[in-house]
Each structure stands twice: as C-alpha cells, then as structure tokens.
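In order, the protein sequence lines correspond to chains W and P. Taking the numbering used here, the leading residue of the first sequence gets 1, the next gets one more, and so forth. Taking the numbering used here, the leading residue of the second sequence gets 1001, the next gets one more, and so forth. Ideal Cβ placement from N, Cα and C applies to all residues, glycine included. Comments concern the structure below.
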Amino acid sequence: MRKVIDSNIENYKNLLKSYIETQDERSLYGVEMMSKSFLKNNILPEEIVNLHIQALEDLYPDLSEEIKHSMNFLLEAMISYGLKHQEIQTLREQQIALKSEISVAASMQDTFLKTDIPTIEGLDIGAISAPAHQMNGDYYHFVKGKNGTLGMAIADVIGKGIPAALSMSMIKYAIDSYPEESMEPNVILENLNRVVERNVDPNMFITMIYAQYSPAYNKLRFSSAGHEPGFHYYAKDNRFEELKTKGLALGVLADVEYQEYELKMEKGDMVIFLTDGVTESREEDRFVEVEEVLDVIRKYKTYSAQEIVNHVYKYFERLQDFQLRDDFTMIILRKEV
Amino acid sequence: MKPQSSCVTIQKEWDIVGARHVARDMAKTLGFGTVDQARIATAVSELARNIYLYANNDGQIYFDMINTIDGKGLSIIAVDSGPGISDIAEVMQDGFSTSGGLGAGLPGVKRLMDEFDIQSELGKGTKITAKKWVR
Ligand SMILES: Nc1ncnc2c1ncn2[C@@H]1O[C@H](COP(=O)(O)OP(=O)(O)OP(=O)(O)O)[C@@H](O)[C@H]1O
Ligand SMILES: [Mg+2]
Chain W
1 MRKVIDSNIE
11 NYKNLLKSYI
21 ETQDERSLYG
31 VEMMSKSFLK
41 NNILPEEIVN
51 LHIQALEDLY
61 PDLSEEIKHS
71 MNFLLEAMIS
81 YGLKHQEIQT
91 LREQQIALKS
101 EISVAASMQD
111 TFLKTDIPTI
121 EGLDIGAISA
131 PAHQMNGDYY
141 HFVKGKNGTL
151 GMAIADVIGK
161 GIPAALSMSM
171 IKYAIDSYPE
181 ESMEPNVILE
191 NLNRVVERNV
201 DPNMFITMIY
211 AQYSPAYNKL
221 RFSSAGHEPG
231 FHYYAKDNRF
241 EELKTKGLAL
251 GVLADVEYQE
261 YELKMEKGDM
271 VIFLTDGVTE
281 SREEDRFVEV
291 EEVLDVIRKY
301 KTYSAQEIVN
311 HVYKYFERLQ
321 DFQLRDDFTM
331 IILRKEV
Chain P
1001 MKPQSSCVTI
1011 QKEWDIVGAR
1021 HVARDMAKTL
1031 GFGTVDQARI
1041 ATAVSELARN
1051 IYLYANNDGQ
1061 IYFDMINTID
1071 GKGLSIIAVD
1081 SGPGISDIAE
1091 VMQDGFSTSG
1101 GLGAGLPGVK
1111 RLMDEFDIQS
1121 ELGKGTKITA
1131 KKWVR
C-alpha cells in the first residue's frame, strides 16, 4: 500500500503542477486514473490527502503555514471516511461469501426437491416454478402410481426466506414415505398437516393442493389446504371455472379433516394450479387480476402444457420488470384425447 | 525531555480532547507521520468516548512510549471499572456499533492501530490494549 503511494508521488506531483499552471483537462484525466488505481489498492482517503500535502510542499517550499494547517485539518477529517471504507470492504467480502453459501444451499435444495414430470396416458403436463430470491418457497411434486395414476402436489409456504423454503424438504420426504396409490388426497393432506403442525414453527404455514388423476376414469380428485384456488378450463365452451375448495392451511391446527373434490376432464380440458405468487404479482402498484392469467393461458391454448406455463411465466416476469416479488409456480394438466 | 508515559482520567466529555492531545504529542515525539498521528488520535478518541459513554465516567487511558530493539511505538491502555462487555465477539463485528455505524467503534480502533486486545469482565470493567509501531 505504501509502495503504491511512493511510486505515485512523482506522478501526482507532476499532474498537480501541470494542472495548477494550465488547468488542463489532461491532468484531470490523469488524476482520475490515478484515483482508480488508489481505490483498487485500498489506499485510504487520509493517505491521498497526505500525498497532496507532500506534493504541495515539494512544489511550493514557501507554502503559508495557514495552508499547511488547513491541509492537516482536512487529513484529520478524512480518517473516519477511511475507516468506513475499510468496513464496507469487509462487509462486502462477507456478503459475497454469504451469497455463495446460500447459492450452494439453494442448489442442494433444488436437488432434494427435484421431481420429474411423469408420462401419464392421455395427459399433457406442464409445470414451472421460479423463485423470487435464491431459495424457492414454492414446491410441486409428481408421482406416478403403479396403476398409471398421477399424484400431484403444489404447495406454498407462508413465511418468508430460507427457513420457510427449507421446510419444503420435510414435505417432500413425508410425501415420499406414503404409499401413493393407496391414499386419497384428503388423507394425504391430513397426514401432512400433522407433520407440519408438529415440526414447523407456529407462525409458518403451508398451503397445498393434492390431486390424483386416473386416466381410466378421466377423473381428477383433489383436496386443498388453504391453497390458492385452481381453475378448470372447459374446452367445449372455451371457459374457465374456479375450483372452489375449503380447508385450513397445513400446520394451523393439530387435527384437521379435509374434503375431497372430484371433476371429470373432457377432451381438451385443462386444470390449472398455481401459487399466489402468480395472482399477487404486481405491476407497478396494481395487483394482477386472475383474469389476466387466464387470458394469457387462453391466448396460448393451442401450445403444449409446458409451453403454456412457460409463456405465462415469461409474461409475468416481464410485467414485473424481471424482478419477481414472490415465488411463481404453475401447473397445467390437459386431457389430450 | 518529554515524559515517557502519561495517564488521562476520563470523567467528562472534555477529557476526550485531553486524551487526544496527549496521544498526538507523544506520537509526534516518537516520530509518527501526520497520517499515523491522526489515526492514533482517532483511536484514543473512540476508546475515551466509550469510557465516557458506557463506563460511568470511571476510567483512565495510559500512554507509554515503547523503545526497544524491536522498534519504537506507542502503547495505549484504556481501563475502566464500568459494566464490562458481555459479548466481545459481537462488538468486534463490523456494523455492530450502536451509533448506527457512523463512528469507527472498536473495530475501527483495531484497524487504526497495529495491535489490539480486549479483556472484559461483566460487572468489573474493561481493559483495552492497543499499540502502534513507527514505520
Ligand atoms: N468501555 C466499555 N464498557 C462497557 N461497554 C462498552 C465499552 N466500550 C464499548 N462498550 C459496548 O460495546 C458497544 C460497541 O462499542 P463501539 O465503540 O464499537 O460502538 P458504539 O460506541 O456503540 O458506537 P460508535 O461507533 O459511535 O463508537 C457499545 O455500544 C457498548 O455497549
Ligand atoms: Mg464507541
């Protein structure tokens, strides 16, 4: 650090001299470059003031005492800025370290929660989930039963940040431990509710829809734990209908019974599940209306289910200036034939 | 001959200025440059202000010139019989100081000086030792 200063003193002195004599822009450009190299080498402001004093005294040996004292006064005034600069430097390094730790944790979480979209006879499935920050507090899960049925979960944790996101791993391992074909959606939610209620912080809740589709009967059975309502798209009438459901979010009370609902899917029908990050995404100061989501889906309805969810996501990402305010998750199931 | 050591008792805010003064004089005598003089004075200021603010106006700052074969330097010891610091690691963290991070605080003192050490016992008091070497 001293070396940088020492090697620059002549240079600084010459620039200063030339500037005092001619006020040329070139010297100013020169000092701009120099100041950048000082910054890069963590030279503190008081040292720069000191460099200035030295140069000045060299150039003007008869410098008045008043000016000299005033320069020392300025040097003293710079000390706190120097300290702050060092502190910010340290904090910045810490922040970088933290960020990379979080991103390791986030990618571990992604690996834990990874779920492949299964192939189900006669069903086109699309799913997307994008975190607003590094860790996703939304979760979806697919499982294919032995008899060709689809089990599907979509969940949103209420409570922000990393701890909330971590609690999703618990949900995943709980679901994995259930014998999927043998269990009804409402029973699965009742079980999960007990797990969440027992293991998660009291002010953290999880909303979820669990659904099962059976290709043999074209029937979708589902239960909801306080989750954002899904939609049924009737291809025949080109119309959406909200799936009205009742049920408390997971983790609110110890013993909760969930109701099971059923719908029949005709050819071209879609069922859409989403998290409130979709409907609560805001454009400037206006909440996005559900209608808008449905309009986008309608617009792309001839595309594959995956392409539709991708388009909806792109649409909302742009609407929010590419800075999601909440995690965004959407699943579309479409009956093909 | 200037004295080799000195002590300032911190009771009122004005004493902080007295402590800075002593520190600067000794630093000058030892041959510290202007920048280091200013740094030493700032470090002493922080230590003295902490005694004034947190240690019931009950503390001293001792100054000693060091002159050994290893080199010349200034040793500053701030001692008080105030409440002590319960979590030293915490106060040594950047961004912790209660002033909202405007002052240099204890991490600042550590940066301004070459050597730094805190001993503190709850209910008994705090002793902070800091040294700076003439380069
Ligand atoms: N001598 C002392 N005795 C008891 N507590 C102290 C002493 N010195 C510091 N502390 C405690 O340590 C904390 C941190 O001190 P530090 O000097 O780093 O920052 P600060 O005084 O809060 O703010 P500033 O940045 O203005 O100095 C203080 O808020 C105080 O609680
Ligand atoms: Mg302080």
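{"Asked": "Which of helix, strand or coil DSSP assigns to Arg325/W", "Found": "coil"}
{"Asked": "Enclosing alpha helix (DSSP H) for His52/W [first to last residue]", "Found": "Pro45 to Leu59"}
{"Asked": "Distance cut-off 6 Å: Ala1055/P Cβ against heavy atoms of ligand 1", "Found": "yes"}
{"Asked": "Where the beta strand (DSSP E) containing Gln212/W begins and where it ends", "Found": "Phe205 to Ser214"}
{"Asked": "Residues near Thr1042/P by beta carbon distance below 7 Å, same chain, minus five either side", "Found": "Ala1104 and Leu1112"}
{"Asked": "C-beta neighbour in chain W for Arg1111/P, strict 7 Å", "Found": "yes"}
{"Asked": "Integer Cβ distance of Asp190/W from Tyr258/W, believed to fall under 8 Å", "Found": "The identity of residue 190/W in the sequence shown is Glu, whereas the question assumes Asp. 6 Å between Cβ atoms; contact."}
{"Asked": "Secondary structure of Lys219/W, DSSP reduced to three states", "Found": "strand"}
{"Asked": "Local conformation of Lys1072/P per DSSP, three classes", "Found": "strand"}
{"Asked": "Any C-beta of chain W under 7 Å from that of Thr1126/P", "Found": "no"}
{"Asked": "Any non-hydrogen atom of ligand 1 closer than 6 Å to Leu16/W Cβ", "Found": "no"}
{"Asked": "Beta-carbon separation (whole angstroms), Leu263/W vs Gln212/W, contact threshold 8 Å", "Found": "Between Gln212/W and Leu263/W the Cβ distance is about 12 Å, and since that is not below 8 Å, they are no contact."}
{"Asked": "Those runs of the beta strand (DSSP E) which lie wholly inside the stretch 131-166 of chain W and span at least 3 residues", "Found": "138-144 and 150-158"}
{"Asked": "Thr1053/P versus Trp1133/P, Lys1131/P, Glu1090/P and Trp1014/P, residue with shortest Cα-Cα distance", "Found": "Residue identity differs from the one stated: residue 1053/P is Leu in this sequence, not Thr. Answer by Cα proximity: Trp1014/P."}
{"Asked": "Neighbour list for Ile79/W in chain P, Cβ cutoff strictly below 7 Å", "Found": "Ala1038, Arg1039 and Thr1042"}
{"Asked": "Residue-chain proximity (Gly1073/P, chain W), Cβ-Cβ < 7 Å", "Found": "no"}
{"Asked": "CB contact below 7 Å: Gln86/W versus chain P", "Found": "yes"}
{"Asked": "Candidates Arg1020/P, Asp1036/P and Thr1126/P, of which the one nearest Val1134/P by Cα", "Found": "Asp1036/P"}
{"Asked": "Lys1127/P - DSSP class collapsed to helix/strand/coil", "Found": "strand"}
{"Asked": "Glu46/W at chain P interface by Cβ criterion, 7 Å", "Found": "yes"}
{"Asked": "Any non-hydrogen atom of ligand 1 closer than 6 Å to Gly151/W Cβ", "Found": "no"}
{"Asked": "Continuous beta strand (DSSP E) assignments of at least 3 residues falling wholly in the stretch 299-323 of chain W", "Found": "none"}
{"Asked": "Partners in chain P for Thr90/W, counting only beta-carbon separations shorter than 7 Å", "Found": "Asp1094"}
{"Asked": "Contacts that Asn186/W makes with chain P (C-beta to C-beta distance below 8 Å)", "Found": "None at all; the shortest Cβ gap to chain P is about 49 Å."}
{"Asked": "Inter-residue Cα distance where the pair is Leu15/W and Ile1061/P", "Found": "44 Å"}
{"Asked": "Through-space distance from Gln86/W to Phe231/W, alpha-carbon basis", "Found": "55 Å"}
{"Asked": "Closest by C-alpha distance to Val337/W, when choosing among Ile297/W, Tyr315/W, Ser177/W and Glu266/W", "Found": "Glu266/W"}
{"Asked": "Check whether Ile1085/P and Thr1126/P have beta carbons under 7 Å apart", "Found": "yes"}
{"Asked": "Interface positions of the stretch 1015-1039 of chain P facing chain W (Cβ-Cβ less than 7 Å), listed along the chain", "Found": "Thr1034, Val1035, Ala1038 and Arg1039"}
{"Asked": "Same chain, Cβ closer than 8 Å to Asn310/W, five either side skipped, listed in chain order", "Found": "Gly126 and Ile128"}
{"Asked": "Integer Cβ distance of Lys144/W from Ile120/W, believed to fall under 8 Å", "Found": "7 Å"}
{"Asked": "Any non-hydrogen atom of ligand 1 within 6 Å of Pro1126/P CB", "Found": "Contrary to the premise, residue 1126/P reads as Thr rather than Pro in this sequence. Checking every heavy atom of ligand 1 against the Cβ of Thr1126/P, one is found closer than 6 Å."}
{"Asked": "Straight-line Cα distance separating Ser37/W from Leu56/W", "Found": "21 Å"}
{"Asked": "Heavy atom of ligand 4 within 6 Å of Ser1075/P beta-carbon", "Found": "As for ligand 4, it is missing from this structure, which binds only ligand 1 and ligand 2."}
{"Asked": "Pairwise C-alpha distance: Gly1108/P and Gln94/W", "Found": "17 Å"}
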